[in-house]
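Residue numbers (my numbering): 7 to 227. Notes to accompany the following structure.
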C-alpha cells in the first residue's frame, strides 16, 4: 500500500503519519527526514542537498525525487526480503506537480502505484490558531501545542527534557506566507489526484483520535 497524506501546515499530517504508519505497517517517507539522513551519511546526494540548503535555496524537484527514489528502493528491498513492511506513507511529498509525476514514474518502475491520497481539511482560521500555539523541542524536534497538546512541564519536552521554543516560521506573518505558498504550489495537486480518482478528503477539524479513525476507515476500504 502506498498512501500520501496532504494538507496545509498545521493540518496534522505529521501527527497522523506517526499514528497510521505503524498500524498499517507503512514506512513514513518525509523529505525533511530523508534530507537530514542523507546529509548525515555524507552520501553524494546528501552533500548536494547540504550545499543547497546552506546556500539558503530550495532543494530542486529532481534532487528531491532522486532521494525519494533511493528510499523507495530500500523499502521495496525490505518487502522482497520478507520484512513486515506493507509499503510507504508519504508526508510532505510531493509538493509540486513535477514531483507528483516523478513519484508516479518511480512507483510504476517498481510495479506498484498509489492507493490513496488523503487530504486532511482544516479551516484556515483553525490552522493559524494551531500553528501560532505550536512549540517545538529544540533538541529532538517533538511538537506540542500550548492548548491542545501541552507538555507535562511548561516549556520542557516530555521525551528528552529539551527546551520548547516557538519557531520563527510559526509567527503570524510567517504563517500567512506559508499558507499562501501552500495555496499556490501544493493545493493544485488536489486536482491532479482528483482526476486520477485516488483523492479522498477527511475532516481534520476534529479530535486527533477521530481523525485517525476516519483516515483508517477510508484506507481500509
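We put the beta carbon where it would ideally sit given N, CA and C, even for glycine.
- Residue environment analysis places residue 37 among the buried positions, since at least 16 neighbouring C-beta atoms fall within 10 angstroms of its C-beta.
- Residue burial annotation: residue 136 is buried, with at least 16 other C-beta atoms found within 10 angstroms of its C-beta.
- Below 8 Å, too few C-beta pairs join the segment 108 to 126 and the segment 153 to 172 to call them touching: fewer than three.
- For residue 106, the closest C-alpha among the options 217, 9, 218 is that of 9.
- Short of 8 Å from the beta carbon of residue 225, and not among the five residues preceding or following it, lie these beta carbons of its own chain, in chain order: 7, 9, 26, 30, 121, 122, 124.
- Contact between the segment 45 to 59 and the segment 90 to 105 is absent: fewer than 3 CB-CB pairs across the two stretches fall below 8 Å.
- Relative to residue 173, the option among 183, 85, 199, 143 whose CA is nearest is 143.
- For residue 112, the closest of 71, 184, 15, 95 by C-alpha to C-alpha distance is 71.
- Secondary structure note for residue 37: its alpha helix (DSSP H) is the uninterrupted segment 37 to 47.
- Here residue 35 is not near residue 91, since their CB atoms are 7 Å or more apart.
- For residue 94, the enclosing beta strand (DSSP E) stretches over residues 93 to 97.
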